[in-house]
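S.K.: For the sequence shown, the residue numbers in numbering that gives the first Met the number 0 are 0 to 314.
Cβ atoms here follow ideal geometry from the backbone N, Cα and C, with glycine treated the same way.
This structure is in structure tokens; I'll ask about it shortly.
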Amino acid sequence: MYFVEHSMDYIIKRVRKEDRGRSMLSFVVKKDLRNIIAQYNMQPGWRHKNYVVSVQLRCDENNPDDGIRLFEAPHDQNGEGFLMVIITPRMLEWLIKYSSDGINLDDTFNTTRYPFKLATLMVTDHRDRGLPGAFLLSASMTAAEVRTMFLIIRSLVPDFAPKRIVTDEAACFYNGYRAVFPQSKTQLHYCRHIVKMKETFCDLNNNESIGNPAVEDQVPASSVTEAQIRQDERWQKLSIIKRVYATIEANATARAKCDTDEAVAKLDLAIKYLNMAATALHLPQTNSLAARPEMQCSGTKPKLSKLPIYQVRKS
0 MYFVEHSMDY IIKRVRKEDR GRSMLSFVVK KDLRNIIAQY NMQPGWRHKN
50 YVVSVQLRCD ENNPDDGIRL FEAPHDQNGE GFLMVIITPR MLEWLIKYSS
100 DGINLDDTFN TTRYPFKLAT LMVTDHRDRG LPGAFLLSAS MTAAEVRTMF
150 LIIRSLVPDF APKRIVTDEA ACFYNGYRAV FPQSKTQLHY CRHIVKMKET
200 FCDLNNNESI GNPAVEDQVP ASSVTEAQIR QDERWQKLSI IKRVYATIEA
250 NATARAKCDT DEAVAKLDLA IKYLNMAATA LHLPQTNSLA ARPEMQCSGT
300 KPKLSKLPIY QVRKS
């Protein structure tokens, strides 16, 4: 017996479409599907109600098909310290076969309900189809986490030597790669999404193209500069601030709903410490609006975009 997994939206739409008689099946909602899943244990990958324990149990099974090469449990409830590297046997086969031509590395967020970031290393086959070679799921995305992923790749593919690496302008990916392969002759390419978007916009509006490629070639053996390292550190600190702020806002909302003196005291204490944090960022008061970037420099005026209120039709 095997399961074919579909999304709940797909199942509900399919049931309502095939139920010609408009029976009780037409009123199925997601809660009903969740009850069926729980009753018949239709989650083969689920080991425990606690997600961290579930992943740890699955990692301890050491099933090669899962491809879990590394798992580090979080240190706290905010997910700090969480790290997972996934390379399945099929993905390893693609790495060995296609990585010599080049790799593509980028990350995204909001893939789960938790504040984790997912980085995907991709290769292309002989038909230029993108194939995943490795997944890095981590609470933070710095050169240290990327370095860990490439250490695992080097242990699995000793002759790993891509001709080129394509990534965005985030320094952590190339820094992590160079930390493991310092003598590599891999060419670095920046995928400039904004430039490509501007080119498309200019073409649609019959304007002159800006003449910049979507992929910018870099020096073949360019070294990691001090500015790249500092930029990586700044964005990492900003990510930590955003996570802490989200946690504070959630807890403050919960306290505000409690009609107790303790809740009021906790909120007053939070305001006190937030004012201290605002002082560190040179903000006099937390209830004041942040200055716009173009207004922080003296002698400048804000650039307001002009949008037409209505369009006049030409007769």
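#1: If you run the structure through DSSP and keep just helix, strand and coil, what is GLU248?
#2: Between PHE81 and the rest of its own chain, which residues show a CB-CB distance below 6 Å, the 5 nearest in sequence each way excluded?
#3: Under 8 Å by Cβ, that's how I've got VAL52 and GLY101 pegged, so tell me the actual separation to the nearest angstrom.
#4: Could you spell out the range, first to last residue, of the beta strand (DSSP E) harbouring PRO88?
#5: Could you pull the DSSP bridge partners for GLY129 from this structure?
#6: Decide if PRO161 is buried, meaning its Cβ has at least 16 other Cβ atoms within 10 Å, or exposed.
#7: Leaving out five residues on either side along the sequence, give the residues of the same chain with a beta carbon under 6 Å from the beta carbon of MET83.
#8: Measuring CB to CB, does GLY132 end up less than 7 Å from LEU120?
#9: Which residue spans inside the segment 153-191 form an unbroken alpha helix (DSSP H) run of at least 4?
#10: Tell me which residue opens and which closes the beta strand (DSSP E) that GLU71 is part of.
#11: In the structure shown, what three-state DSSP assignment does LYS30 receive?
#12: Can you name the start and end residues of the beta strand (DSSP E) that THR107 belongs to?
#13: Roughly how many angstroms separate the alpha carbons of ASN250 and ASN77, rounded to a whole number?
#14: Can you tell which of VAL145, VAL28, ASP124 and ILE85 has its C-alpha closest to the C-alpha of LEU104?
#15: The beta strand (DSSP E) spanning LEU280 covers which residue range?
#16: In angstroms with no decimal places, state the Cα-to-Cα distance between ILE209 and HIS188.
#17: Distance, Cα to Cα, SER6 vs ARG229?
#18: Going by DSSP, what residue range makes up the alpha helix (DSSP H) through MET7?
#19: Please identify the residue among PHE26, PHE172 and LEU91 whose C-alpha is closest to the C-alpha of SER154.
#20: Do you know whose CA, among ARG254, VAL243, THR252 and VAL263, lies nearest ALA276's CA?
#21: Considering Cα atoms alone, identify which of VAL122, ALA142, GLN235 and TYR39 is closest to ARG163.
#22: Here's the rule I'm using: 16 or more other beta-carbon atoms within 10 Å means buried, otherwise exposed. How should LEU268 be labelled?
#23: Just to confirm my understanding: we take SER25, look at its own chain, exclude 5 residues before and 5 after, and list those with CB closer than 6 Å. What are they?
#24: What does DSSP give as the partner residue(s) for LEU82 in the beta ladder?
#25: Kindly identify the DSSP beta-bridge partner or partners of LYS116.
#26: Is the beta carbon of ARG254 sitting closer than 7 Å to the one on LYS265?
M.R.: To lay it out plainly:
#1: The residue you call residue 248 lines up with position 249 of the sequence shown. Correct three-state label for GLU248: helix.
#2: Here residue 81 refers to the residue found at position 82 of the sequence shown. Hits under 6 Å: PRO73 and ALA138.
#3: Your numbering for residue 52 matches position 53 in the sequence shown. Your numbering for residue 101 matches position 102 in the sequence shown. Going by Cβ atoms, the distance from VAL52 to GLY101 rounds to 39 Å, so no, they are not a contact pair.
#4: Residue mapping note: residue 88 aligns to position 89 of the sequence shown, counting from 1. Note, PRO88: premise wrong, no beta strand (DSSP E); alpha helix (DSSP H) at 88-97.
#5: Taking the sequence shown and counting its residues from 1, the one referred to as residue 129 is at position 130. Paired residue(s): THR123.
#6: Residue 161 sits at position 162 when you count from the first residue of the sequence shown. Buried is the call here.
#7: Taking the sequence shown and counting its residues from 1, one reaches residue 83 at position 84. Correct list, in chain order: PHE70 and LEU136.
#8: Here residue 132 refers to the residue found at position 133 of the sequence shown. Here residue 120 refers to the residue found at position 121 of the sequence shown. Going by C-beta atoms, GLY132 is nearer than 7 Å to LEU120.
#9: 170-179
#10: The residue you call residue 71 lines up with position 72 of the sequence shown. Where GLU71 is concerned, the enclosing beta strand (DSSP E) stretches over 67-71.
#11: Here residue 30 is taken as the residue at index 31 of the sequence shown, counted from 1. Three-state DSSP puts LYS30 in a helix.
#12: Here the question's residue 107 lines up with position 108 in the sequence shown. Per DSSP, THR107 belongs to the beta strand (DSSP E) from 102-108.
#13: The count along the sequence shown starts at 1 and reaches residue 250 at position 251. The count along the sequence shown starts at 1 and reaches residue 77 at position 78. Taking the straight line joining both Cα atoms gives about 12 Å.
#14: For the purposes of this step, residue 104 is taken as the residue at position 105 of the sequence shown. Nearest C-alpha to LEU104: VAL145.
#15: Mapped onto the sequence shown, residue 280 falls at position 281. Element bounds for LEU280: n/a, residue is neither H nor E.
#16: Counted from its first residue, the sequence shown places residue 209 at position 210. Counted from its first residue, the sequence shown places residue 188 at position 189. Here the model assigns ILE209 a pLDDT of 42, short of 50, so the residue's position is not dependable and the matter cannot be decided.
#17: The sequence position of residue 6 within the sequence shown is 7, counting from 1. The sequence position of residue 229 within the sequence shown is 230, counting from 1. Approximately 42 Å, taken between the alpha carbons.
#18: Taking the sequence shown and counting its residues from 1, the one referred to as residue 7 is at position 8. That run of the alpha helix (DSSP H) goes 7-17.
#19: Numbered from its first residue, the sequence shown carries residue 154 at position 155. Among PHE26, PHE172 and LEU91, the Cα nearest to that of SER154 belongs to LEU91.
#20: Taking the first residue of the sequence shown as 1, we reach residue 276 at position 277. Among ARG254, VAL243, THR252 and VAL263, the Cα nearest to that of ALA276 belongs to VAL243.
#21: Residue mapping note: residue 163 aligns to position 164 of the sequence shown, counting from 1. Closest by alpha carbon: VAL122.
#22: Here residue 268 is taken as the residue at index 269 of the sequence shown, counted from 1. With fewer than 16 other Cβ atoms within 10 Å, it is exposed.
#23: Taking the sequence shown and counting its residues from 1, the one referred to as residue 25 is at position 26. Result list for SER25: ARG15 and ASP18, in chain order.
#24: Position 83 of the sequence shown, counted from the start, is the residue given in the question as residue 82. Partner(s): GLU71 and SER137.
#25: Within the sequence shown, residue 116 is the residue found at index 117, counting from 1. Note: LYS116 sits in a beta bridge opposite PHE108 and SER137.
#26: Stepping through the sequence shown from its first residue, residue 254 is reached at position 255. Stepping through the sequence shown from its first residue, residue 265 is reached at position 266. The answer is yes: Cβ separation under 7 Å.
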